[in-house]
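Colleague:
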Amino acid sequence: MKATLIRPQDISKPSKRLAQIRAEDLPPLPPPYEDFNTKTLTELKEEKIANVEASLDDTVAIGIPKPRTREEEEKYLKAFLSGLRKLFEKENNWTFLQPLLLSMDHCAKCQTCSEACPVFEMSGRQEIYRPNFRSEVLRRIYRKYIKPFGRISAKLAGDIDLNWTTIARLAELAYRCTLCRRCASVCPIGVDNALITHEIRKLFSQELGIAPKEIHDKGTLQHLRVGSTTGMNPMAVKDSVDFIKEEMEEITGYKVEIPWDKEEAEVLLLHNAGEVLAWPENVGAFAIVFQAAGISWTLSSEELGYDVVNYGLWYDDVQMARVAVKHAEIARKLKVKKIIIGECGHAHKALTVVADRVLTGDLNIPRESALVLLDEIVESGKLKFDPSRNDFPVTLHDPCNVVRAMGIVEPQRRILRRIAPKFREMTPHGVDNYCCGGGSGFAIMSGYNFAEWRTLVSSRKKFLQILGAFKDEPLDVPKYVCAPCSNCKGSIRDILEYYQARERSHIYYGGLVELIVNAMAGMKKPLIKFEG
Amino acid sequence: MRIYKQNKLPLHLRWELYPVKHEAGKKAEYGGSYMEELNWWEKEKKSSLYNEIRYMVPEILFLRGLKKENPRLWYISFPFHFGFYLGIGTLVLLVLGAFSMILGFPIAPGQGVLSSLSYYLTILLGFLGLTLGTVGTAALFRRRLKDPELRNYSSFSDYWNLAFIFAFFLVGLLAWLFHDHAFDGARAYIYSLLTFGGTPAEMAGNRTFLGTLSIILGSLLIAYIPLTHMSHMFMKYFIYHSVKWEDTPNLKGSRIEAAVLENLGLKPTWASPHIGADGHKTWAEIASSGPKEKK
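These protein sequence lines map, in sequence, to chains A and B.
Counting with my numbering, you get residues 418 to 949 for the letters of the first sequence.
Counting with my numbering, you get residues 65 to 359 for the letters of the second sequence.
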């Protein structure tokens, strides 16, 4: 049975849930995963959500406290409208004013975007996840409450009521889109619903101080305070990297040096600090490749210098700018020639593309993707490879921020064609790829049952793509999903775990540089182990 | 007005989306960028107008993107849009014809090659444009009404827009069918506009209700479209060139850097405490300071 069609104006009508995820609506998984086709989200306990906004769907991303009084509610509404006005002011939103206006004013409501959205498709076409749904809600509020003659135009161009339910659901709804921008890439006009989602998030953060704690409190605030979103201080990161060095030497038999704070190096390598904790072999593999290729490089032990993430990209321009400025200041202080961004997709986009129009003068230090440098190293012949060491099926996940947002498509493929004889593409791939489901902060958000929603809904398409890429391989053959992005790795790790893909199909995952080191001739032991 | 406003907006942060079709060589096809090159900032940025035109011409004329992504809609949207294009083409021919008449060269069969060509081409384009426009608009109206995915998001103004356009195309088609088979009346109207009220001798006293109505509807439509989302017809230029394909890097000493510096001097008033904005501090000061709330 299909859910009743929800209209944009229904967002303001109080109800227990506006939408519900049902197992029978979700696109089925193929064998041997049919038993997951009856799985749905664990119901949130009433006592857990009694005091927070949870009336959008079956999950909660932010957990906005409900107002206790009418005055408090009014305060929220006033602040929302004030923030909405600021989105359309040059002083407050020069950062995205033009793209926002163009997307707000020119949508033909043809719904072409919907078919491109993996969240909409994989939720069983839940109306509230349609890319245009939240945009249309914002358009109607803007027209009615901000533009002149709003009450009249609401009658002509679409009405909506503004109340606590509207804004609280809209804030939550802004965190049901991974900002992958597939919708924008298929729009016949070029309207960008993901950008509108980004602007809604920004309004809530910059005006009302509302954002998921994982990306704000434990994210950018902790990053700027401690030095890393992981909570690691400089001493902790140095200790961890020392340990990585020893581990790598033991595994590879390769004596590796990891330089810290070396002034005037050619390259300052900025890692996502999550790699240090969750995928230390990635950090070690970079060190081995750079050393073997004779690259003059360094890591930074200064606060923020060992964590390239920039969660501000997803929700808050000011936080994004602050983090980017810090990264640039560290590079300036070390007098390096360029910054190389490790395997972290959103950091690629934040530091190279978006912050390009924040950094000026001597802060405008060249920034480059690690994939480009790795490609150059592999092609240069400086390293000797034995591709037979990678004699297992490999597929490549394209991080949206690296391909669609930055146009880095071929370097990673050139590398894989050289070192992975059984490399095959996912369908579709490159700039047409599907998000891992963890984009825009989802990979690190796990409050309430959000991680389950991600695995069941937003990452489902990626899981189907992975299974599709390996469909002709026997189940017992080890397979490798190469994901050159920390957040993507995080969500792929979670889907492989949730669906028991390692046990059932022998699917493993990891980064690109690990595959490079694994194929290097002369390594004592393989870096990639299919075990555990 | 819309175009003027666009040109006055401040430079925004980069938000391009690949493939960017002015990239040179194969990059435009697979979606690669100049950032795929090692030390790209030391190299000359190559771009290809040919690649851009090769993409844009079929996109504008034949709505290639819509055909690929939403073929069901394309079958009715294409005649609607192409009807408009042919209508614009007809208007251009009518204006040229009116100028020709002012210069003493009437537009009619047997009046020389150019005159005959203009005469018959106007009929062909005009008839096809009005027919495709009428059929396309009616089909779009029906789809919007019948398809729940479209109806759910449609408002009175969406139906009104289509009804208005349909009325123009239909009245124009009827005027052609019953009175103005060669668009002589329409050309005479342009002639009178260009000559501030003059009337070609052969057209004196030849006004018809349908002809007059189609001219009124057409004029109102030209004034109305820029006020609506249908302005995407020409605003698409900005969507693509100012956002989707706007990949100009910020190089030291460039006009981009100058515009960025100007923006960083603006004074925001965002109210969230962590921003620390007070209407006096600039973006540059705020971005180079820590957030206010620290735990």
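Glycine included, each C-beta is placed from N, C-alpha and C at the ideal position.
Are the C-beta of D342(B) and some C-beta of chain A separated by less than 8 Å?
Modeller: With 8 Å as the cut-off, D342(B) does not count as an interface residue toward chain A.
Colleague: Using the beta-carbon of each residue, which ones in chain B are nearer than 7 Å to N509(A)?
Modeller: What N509(A) touches in chain B: P332, T333 and W334.
Colleague: Between G722(A), Y723(A), E746(A) and L686(A), which lies nearest to S34(B) when the distance is taken from Cα to Cα?
Modeller: With chain B covering only 65 through 359, there is no way to say anything about residue 34(B).
Colleague: Would you call the stretch 111 to 127 of chain B and the stretch 85 to 93 of chain B touching, i.e. three or more CB-CB distances under 8 Å?
Modeller: In short, these stretches touch, since the Cβ pair count reaches three.
Colleague: Using 8 Å as the threshold, is the C-beta distance between L19(B) and A162(B) below it?
Modeller: Any property of residue 19(B) remains undetermined from this structure, which presents chain B solely from 65 to 359.
Colleague: May I ask you to report which of helix, strand or coil DSSP gives E631(A)?
Modeller: Coil, per DSSP.
Colleague: Would a check of beta-carbon distances place G95(B) closer than 8 Å to chain A?
Modeller: It does: the Cβ of G95(B) has a partner Cβ on chain A nearer than 8 Å.
Colleague: Using a Cβ cut-off of 8 Å (strictly closer), state whether K564(A) contacts chain B.
Modeller: It does not; no Cβ of chain B falls within 8 Å.
Colleague: Compute the Euclidean distance between the alpha carbons of K430(A) and P212(B), then round it to the nearest angstrom.
Modeller: Computed Cα separation, rounded: 21 Å.
Colleague: Run through the stretch 839 to 875 of chain A for me and flag every whole alpha helix (DSSP H) of 4 or more residues, listed as ranges in chain order.
Modeller: If we require 4 residues or more, the alpha helix (DSSP H) runs fully inside the stretch 839 to 875 of chain A come out as 867 to 870.
Colleague: Whose Cβ in chain A lies nearer than 7 Å to the Cβ of I124(B)?
Modeller: Near I124(B) there are no residues of chain A at all, since even the closest Cβ is about 11 Å away, more than 7 Å.
Colleague: Check the Cβ of M65(B) against every Cβ in chain A and list those closer than 8 Å, keeping chain order.
Modeller: None at all; the shortest Cβ gap to chain A is about 12 Å.
Colleague: Which residues in chain B sit within 8 Å of R618(A), going by Cβ to Cβ distance?
Modeller: Those do not exist, as R618(A) stays about 12 Å from chain B at its closest Cβ, beyond 8 Å.
Colleague: Quick check on P290(B) - is its C-beta less than 8 Å from some C-beta in chain A?
Modeller: No, P290(B) lies away from the interface with chain A (no Cβ there is under 8 Å from its Cβ).
Colleague: Closest to S718(A) by CA distance: which of L686(A), C534(A), P482(A) and S876(A) is it?
Modeller: Residue L686(A) is the option with its Cα nearest to S718(A).
Colleague: Using the C-alpha atoms, what's the distance from I933(A) back to P828(A)?
Modeller: The straight-line gap from Cα to Cα measures roughly 13 Å.
Colleague: I'd like to know whether the C-beta of V742(A) is nearer than 8 Å to at least one C-beta of chain B.
Modeller: Interface residue, yes.
Colleague: If you follow the beta strand (DSSP E) that K755(A) is in, where does it begin and where does it stop?
Modeller: Element bounds for K755(A): K755 to I758.
Colleague: What alpha helix (DSSP H) runs, 4 residues minimum, are completely inside the stretch 319 to 357 of chain B?
Modeller: The qualifying runs are 319 to 328 and 347 to 351.
Colleague: Is the beta carbon of V654(A) sitting closer than 8 Å to the one on T715(A)?
Modeller: For V654(A) and T715(A), no; Cβs fall outside 8 Å.
Colleague: Measure the C-alpha to C-alpha separation of N935(A) and D792(A) and round it to an integer number of angstroms.
Modeller: Approximately 15 Å, taken between the alpha carbons.
Colleague: If you measure from the beta carbon of N327(B) to each beta carbon in chain A, is any gap under 8 Å?
Modeller: Judged by the 8 Å Cβ criterion, N327(B) is in contact with chain A.
Colleague: Since Y380(B) and G824(A) should fall inside the 8 Å C-beta cutoff, what is the C-beta to C-beta distance between them, to a whole number of angstroms?
Modeller: It is not possible to answer for residue 380(B), since the shown part of chain B is limited to 65 through 359.
Colleague: What residues of chain A sit near K356(B), judged by a beta carbon separation below 7 Å?
Modeller: Those within 7 Å of K356(B) in chain A number zero; the least Cβ separation is about 10 Å.
Colleague: Quick one: list the residues of chain B neighbouring I606(A), beta-carbon separation under 8 Å, in chain order.
Modeller: Going along chain B in sequence order, the residues near I606(A) (Cβ under 8 Å) are H296, K300 and I303.
Colleague: Should T769(A) go down as buried or exposed, given a rule of 16 or more other Cβ atoms within 10 Å for buried?
Modeller: The residue is buried, with at least 16 neighbouring Cβ atoms inside 10 Å.
Colleague: Against chain B, with Cβ distances strictly below 8 Å, would H377(A) count as a contact?
Modeller: The structure shown does not extend to residue 377(A), since chain A spans only 418 to 949, so no value can be given for it.
Colleague: With 16 as the cutoff for other CB atoms within 10 Å, does L638(A) come out buried or exposed?
Modeller: Flag for L638(A) reads buried.
Colleague: Grouping DSSP H, G and I as helix and E and B as strand, with all else coil, what is C524(A)?
Modeller: The answer is coil: DSSP assigns C524(A) none of H, G, I, E or B.
Colleague: Does N549(A) have its Cβ less than 8 Å from a Cβ in chain B?
Modeller: Yes, because at least one Cβ of chain B sits closer than 8 Å to the Cβ of N549(A).
Colleague: Going along the chain, which residues of the stretch 826 to 847 of chain A sit with their C-beta nearer than 8 Å to a C-beta in chain B?
Modeller: Cβ contacts with chain B: V826, E827, P828 and G847.
Colleague: Pull up the DSSP beta-bridge partners for C594(A), would you.
Modeller: Answer by DSSP bridge pairing: none, since C594(A) is not bridged.
Colleague: Looking at chain A, is there any beta carbon in it that lies within less than 8 Å of the beta carbon of L77(B)?
Modeller: It does; some Cβ of chain A falls within 8 Å.
Colleague: What runs of the beta strand (DSSP E), each 3 residues or longer, lie entirely inside the stretch 870 to 945 of chain A?
Modeller: Here the runs fully enclosed are 896 to 899 and 924 to 927.
Colleague: Answer yes or no: does any C-beta atom of chain B fall closer than 8 Å to that of T777(A)?
Modeller: By this cut-off, T777(A) is an interface position.
Colleague: For the alpha helix (DSSP H) holding S180(B), just list the boundary residues, first then last.
Modeller: From DSSP, the alpha helix (DSSP H) with S180(B) extends over V177 to K210.
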